[in-house]
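**Q** First residue of the sequence shown? That's 1 in our numbering, and the numbers climb one at a time after it. Glycine is no exception: its CB is placed at the ideal position from the N, C-alpha and C atoms. Mind looking over this structure? Questions follow.
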Amino acid sequence: MKFDTVIIGGGLAGLVCGISLAKRGQRCAIISSGQSALHFSSGSLDLLSQLPDGSAVECPAKGVEELVRQSKEHPYAKLGVERFVELAEQSKEVLQWAGVDTVGDSERNHYRLSPVGVLKPTWLTFRGYVNSEKATALKWKRVALFNAEGFLDFYPQFLRDELRAMGTICEVHTFNLPELEQIRQNPTEMRSANVARLFDSDGAIDALAEIIRSQKGDVEAVLLPAVLGVDCNDGVKRLEERLGCEVAVVATLPPSVPGLQVQTLLRRYFQELGGVYLPGDTVVGYKAEGDRIETVYTSNHGDIGFRADNFVLATGSFFSGGLEADNEKVVEPLFGVDVVYTENRQAWYDRDLFQAQGYESFGVRCDENFNAQRAGRTVENLYAIGACLAGFNGIKDGCGAGVSMLTALHVSDVIIKKK
């Protein structure tokens, strides 16, 4: 099978890169081995929340200038300040193309509400999720918080206490529906995705609206866990229409309903553009000629190879199997490209879980165009994007989604310009 570009990895980086290429006429395939980190999404996407020295970033478009000075190997440093701003705006457009509606921009971070009630800085938040312009308060003074009886992945008492500390009076209520009784028979089934599927139907939304209307009292807004539908992503809007008041949702513990929805929307849009998406398949081998990859082979297709002019490595970090480690070294297991890591294993981690962990900045070594390198030589048509890259701590610095999307779009431009 022959393609212009084959992308290995179907997470945020791989899908954004595929959409950008397919929209400009490239014949693309995405080979995805399984679930991506989107399934653990908070309902928000981070661009840059903190500098390596620990300084908070309020304005990513300005903060990136200091980031480049502090960390020359950061993927954003390879992009440069002007390109960073340009690609951040393009990223929001790509989400809009796919039907992912967000609030926020790269000029100034806003704040999302975490599942335990902490306001954390972020770049883009999916519309309908609780967010605030302030780091210490919400815009409401009185809210009603509703939770499904027996739901295991949501902690309303934490939220109530934290909201009250911010100056928002929060009354907690529970609700039950006949449909919930069916899945409650097995406690392990009371998880976010299973509960959310019930609210894909208007009947369940109607029943929930009746319960909330009878209990909410005089409040400015109604808050719920993010379980108002999986296939339908307009649950907040449908409930607002029935209640006549503002409704917002809070992300739950994984599995993440917003992450499932975004992955589905991006995948569908990629396929609508003519892209080929191969789920549940794993690249297990390749053929190269000199410093070029010619063909990759997968577990499902045996000796039927995928030939392409360009290959994009979007396999993620340790979590997704894009990097592997033993007691002595860190490797990229598919192509064996060079990996940046510290040989002193004691520097791989910090015993304080909440400190920056050394291993989080390990990743594939690339040149300024994100071409991967092997034995110090550039692999001409192999690019690395997203979490597999070296030089950044996506969790500590609040830049994981931004690195994924911006490097994906940059590499897609590099590939298009080669033609």
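1) Would DSSP call Lys420 helix, strand or coil?
2) In angstroms, rounded to a whole number, what distance separates the CA positions of Leu198 and Gln215?
3) Classify Val249 as buried or exposed, calling it buried when 16 or more other Cβ atoms lie within 10 Å of its own Cβ.
4) How far does the alpha helix (DSSP H) with Leu223 in it reach, from first residue to last?
5) So what does DSSP say about Asp105, is it helix, strand or coil?
6) Between Ala135, Ile415 and Pro225, which has its C-alpha nearest Ala144's C-alpha?
7) Under a Cβ-count criterion, where at least 16 other Cβ atoms within 10 Å of its own Cβ denotes burial, should Val230 be classed as buried or exposed?
8) Output needed for Thr298: all residues of its chain with C-beta closer than 8 Å, excluding positions within five of it in sequence on either side, in chain order.
9) From Val24 to Ser91, what does the alpha carbon distance come to, in whole angstroms?
10) Give the DSSP-derived three-state secondary structure of Asn300 in the structure shown.
11) Return the Cβ separation of Leu163 and Met190 in integer angstroms, given the expectation that the two are a contact with Cβ distance under 8 Å.
12) I need the straight-line Cα distance from Ala148 to Glu368, nearest angstrom please.
13) Let me check understanding here. Comparing Cα to Cα, which of Pro258, Val364 and Val411 lies closest to His39?
14) What does the alpha-carbon distance come out to for the pair His74 and Leu47?
15) In the DSSP assignment, what are the bridge partners of Val339?
16) How many angstroms separate the CA atom of Thr174 from the CA atom of Phe319?
17) Could you check whether Asp309 and Val379 sit closer than 7 Å to each other, using their CB atoms as the reference points?
18) Cys17 and Ala390: beta carbons closer than 7 Å?
19) Going by CA-CA distance only, name the one from Ala13, Lys120 and Tyr341 that's closest to Asp326.
20) As a quick exercise: from Ser55, Arg27 and Leu95, pick the residue whose alpha carbon is nearest that of Tyr440.
21) Val330 and Phe362: beta carbons closer than 7 Å?
22) If you measure between the beta carbons of Gly9 and Ala314, is that distance less than 7 Å?
23) Could you give the distance in angstroms between the alpha-carbon of Glu241 and the alpha-carbon of Arg345?
24) Let's test the definition: count the other Cβ atoms within 10 Å of the Cβ of Thr136 and tell me whether it reaches 16, buried, or not, exposed.
25) In whole angstroms, what is the alpha-carbon distance linking Cys399 and Tyr155?
26) Is the number of C-beta pairs between the stretch 199-215 and the stretch 119-127 that are closer than 8 Å three or more?
27) In chain order, which beta strand (DSSP E) runs of at least 3 residues are fully inside the stretch 172-230?
28) Report, in whole angstroms, the separation of the C-beta atoms of Leu382 and Ile293, which I expect to be a contact under 8 Å.
29) Looking only at its own chain, which residues have a Cβ that is under 8 Å from the Cβ of Val337, when we skip the five neighbours before and after it?
30) Over what stretch of residues does the alpha helix (DSSP H) that includes Leu79 continue unbroken?
31) Between Thr168, Pro178, Thr125 and Phe126, which lies nearest to Leu208 when the distance is taken from Cα to Cα?
32) Would the beta-carbon of Pro52 fall within 7 Å of that of Ser106?
33) Determine the direct distance from the alpha carbon of Ala77 to that of Ser71, and round the result to whole angstroms.
34) Can the beta-carbon of Gly321 be found less than 7 Å from the beta-carbon of Cys388?
35) Would you mind reading off the limits of the beta strand (DSSP E) that contains Phe3?
36) With DSSP collapsed to three states, give me the class of Ala387.
**A** Answer, in terms of the structure:
1) Here the chain covers residues 1 to 419 and nothing more, so residue 420 does not appear.
2) As a first step, residue 198 must be located in the sequence shown, where it is residue number 198. As a first step, residue 215 must be located in the sequence shown, where it is residue number 215. So the two alpha carbons sit approximately 21 Å from each other.
3) Position 249 of the sequence shown, counting from 1, holds the residue named residue 249. That one is buried.
4) As a working note, residue 223 is residue 223 in the sequence shown. Note, Leu223: premise wrong, no alpha helix (DSSP H); beta strand (DSSP E) at Ala221 to Pro225.
5) Numbered from 1 along the sequence shown, position 105 holds the residue referred to as residue 105. Looking at Asp105 - three-state DSSP - the assignment turns out to be strand.
6) Mapped onto the sequence shown, residue 144 falls at position 144. Selected option, being the one with the closest Cα: Pro225.
7) Your numbering for residue 230 matches position 230 in the sequence shown. Its Cβ being crowded by 16 or more others within 10 Å, Val230 is buried.
8) Position 298 of the sequence shown, counted from the first residue, corresponds to residue 298. Ile31, Leu278, Asp281, Thr282, Val283, Val284 and Phe306, listed in sequence order.
9) Taking the sequence shown and counting its residues from 1, the one referred to as residue 24 is at position 24. Taking the sequence shown and counting its residues from 1, the one referred to as residue 91 is at position 91. For clarity, residue 24 is Arg in the given sequence; the question names Val instead. Near 15 Å, if we compare the C-alpha coordinates of Ser91 and Arg24.
10) The sequence position of residue 300 within the sequence shown is 300, counting from 1. Looking at Asn300 - three-state DSSP - the assignment turns out to be coil, as it is neither helix nor strand.
11) For the purposes of this step, residue 163 is identified with residue 163 of the sequence shown, where counting begins at 1. For the purposes of this step, residue 190 is identified with residue 190 of the sequence shown, where counting begins at 1. 24 Å between Cβ atoms; not a contact.
12) Position 148 of the sequence shown holds residue 148. Position 368 of the sequence shown holds residue 368. Separation of Ala148 and Glu368 (C-alpha to C-alpha, rounded to the nearest whole angstrom) is 50 Å.
13) Counting from one through the sequence shown, the residue named residue 39 turns up at place 39. For the residues Pro258, Val364 and Val411, the minimum Cα distance to His39 belongs to Pro258.
14) As a working mapping, residue 74 is identified with position 74 in the sequence shown. As a working mapping, residue 47 is identified with position 47 in the sequence shown. If you take the alpha carbons of His74 and Leu47, they lie about 13 Å apart.
15) As a first step, residue 339 is located in the sequence shown; it is residue number 339 there, counting from the start. Beta-bridge pairing links Val339 to Val364.
16) Position 174 of the sequence shown, counted from the start, is the residue given in the question as residue 174. Position 319 of the sequence shown, counted from the start, is the residue given in the question as residue 319. Rounded to whole angstroms, Thr174 and Phe319 show a C-alpha spacing of 35 Å.
17) To locate residue 379, count along the sequence shown from 1; it is residue 379. To locate residue 309, count along the sequence shown from 1; it is residue 309. No. Outside cutoff.
18) Stepping through the sequence shown from its first residue, residue 17 is reached at position 17. Stepping through the sequence shown from its first residue, residue 390 is reached at position 390. In this structure, Ala390 does not lie closer than 7 Å to Cys17 by Cβ.
19) As a first step, residue 326 is located in the sequence shown; it is residue number 326 there, counting from the start. Ranking Ala13, Lys120 and Tyr341 by Cα distance to Asp326 puts Tyr341 first.
20) Absent from the structure is residue 440, since the part of the chain shown begins at 1 and ends at 419.
21) Counted from its first residue, the sequence shown places residue 330 at position 330. Counted from its first residue, the sequence shown places residue 362 at position 362. Contact flag set, yes.
22) Numbered from its first residue, the sequence shown carries residue 9 at position 9. Numbered from its first residue, the sequence shown carries residue 314 at position 314. Yes, these two residues count as a Cβ contact at 7 Å.
23) On the sequence shown, residue 241 is found 241 positions in, with the first residue counted as 1. On the sequence shown, residue 345 is found 345 positions in, with the first residue counted as 1. For Glu241 and Arg345, the distance between alpha carbons rounds to 56 Å.
24) Mapped onto the sequence shown, residue 136 falls at position 136. So Thr136 counts as exposed.
25) Taking the sequence shown and counting its residues from 1, the one referred to as residue 399 is at position 399. Taking the sequence shown and counting its residues from 1, the one referred to as residue 155 is at position 155. Cα to Cα, Cys399 sits roughly 27 Å from Tyr155.
26) no
27) 221-225
28) As a position in the sequence shown, residue 382 is number 382, starting the count at 1. As a position in the sequence shown, residue 293 is number 293, starting the count at 1. That belief holds up - the Cβ atoms of Leu382 and Ile293 are roughly 5 Å apart, short of 8 Å.
29) By 1-based counting over the sequence shown, the position of residue 337 is 337. Result list for Val337: Leu313, Val364, Arg365, Ala372, Gln373, Arg374, Val379, Leu382 and Ala384, in chain order.
30) Reading the sequence shown from its first residue, position 79 is the one you call residue 79. Element bounds for Leu79: Pro75 to Leu79.
31) To locate residue 208, count along the sequence shown from 1; it is residue 208. Nearest option by C-alpha distance: Pro178.
32) By 1-based counting over the sequence shown, the position of residue 52 is 52. By 1-based counting over the sequence shown, the position of residue 106 is 106. No; because the gap between Cβ atoms is not below 7 Å, this pair is not in contact.
33) Here residue 71 refers to the residue found at position 71 when the sequence shown is read from its first residue. Here residue 77 refers to the residue found at position 77 when the sequence shown is read from its first residue. Approximately 7 Å between the Cα atoms of the pair.
34) Position 321 of the sequence shown holds residue 321. Position 388 of the sequence shown holds residue 388. Going by C-beta atoms, Gly321 is not nearer than 7 Å to Cys388.
35) Translated into positions along the sequence shown, residue 3 becomes position 3. Start and end: Lys2 to Ile8.
36) Walking along the sequence shown from the start, residue 387 turns up at place 387. Helix.
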